[in-house]
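Peer 1:
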Amino acid sequence: MASTLPGTEFPLFAESAAFDSVQAELRERGLGDGLPLVPPTERRLTAMLNGVTEADTVRGYLPPLMGELRADALAYQCVLAGAPIGSMSVILTALEACLEPDFNLLGITTTTGTPAVAMVVHGPIASALG
C-alpha cells in the first residue's frame, strides 16, 4: 500500500515497490493515459521540488476544469511523466505564463477548433537540461 503526498490523494510508493503493482494502483486511481508511468517515490518528488519555494501555494487555476496550479501537485505529475530533474522551474513558469489573461487558455482549451499549446525551450537552460 502506498502513502500519499501531504494535502492530496496522490500516492507515493516505496523505492522497493514492484513496478507492476505500482502501475496497477496508479491505473486504478485513474492516473496516467495507459502508458507506463515513473513510480512516484518520496525521493523522486523531493528531487523534483528541489529549489521550489512555497510548493503548496496555489498559483492559479488551470482551465478548463479550474484545477489548482500548485508546485507540489505539478512535481508529482512531472515525476509520473519522467520529466528531467531540474525542469520544474521551466514547466512551472510556462504554466504560469499560460494563465496570463491575454493568452486566454480557457478559450484555447474549450474552442471547437483544434489548437495546441507548445513551448520551445532554448538557451542555457535547454543545454543544462539536456
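Position one of the sequence shown corresponds to residue 498 (the numbering used here), numbered consecutively onward. Just so you know, even glycine gets a beta-carbon here, dropped at the ideal spot from N, CA and C. No experiment lies behind these values; they were computed from the predicted model shown.
1) When you compare each of 517, 547, 532 to residue 539 by their alpha carbons, which one comes out closest?
2) Are the CB atoms of residue 568 and residue 587 nearer to each other than 8 angstroms?
3) If residue 566 sits next to residue 556, beta carbons under 8 angstroms apart, how far is it from one beta carbon to the other, in whole angstroms?
4) Which residue or residues does DSSP assign as beta-bridge partners of residue 590?
5) With three or more C-beta pairs closer than 8 angstroms as the rule, is the stretch 599-618 touching the stretch 570-578?
6) Taking the C-alpha atoms as reference points, what is the distance between residue 563 and residue 624?
7) What residue from 577, 509, 584, 561 has the CA that sits closest to residue 534's CA?
8) Report the option in 520, 517, 622 whose CA atom is closest to the CA atom of residue 583.
9) Measure the Cβ-Cβ separation of residue 608 and residue 561 and say whether it is below 8 angstroms.
10) Are the CB atoms of residue 537 and residue 522 nearer to each other than 8 angstroms?
11) Rounded to whole angstroms, what's the CA-CA distance from residue 594 to residue 559? Just pull it up for me.
12) Which residue comes first and which comes last in the alpha helix (DSSP H) that contains residue 624?
13) Whole angstroms are fine: how far does the CA of residue 599 sit from the CA of residue 512?
14) What three-state label does DSSP hand residue 543 in the structure shown?
Peer 2: By the coordinates alone:
1) 547
2) no
3) 5 angstroms
4) DSSP output for residue 590 lists no bridge partner at all.
5) no
6) 33 angstroms
7) 577
8) 622
9) no
10) no
11) 11 angstroms
12) 621-626
13) 43 angstroms
14) helix
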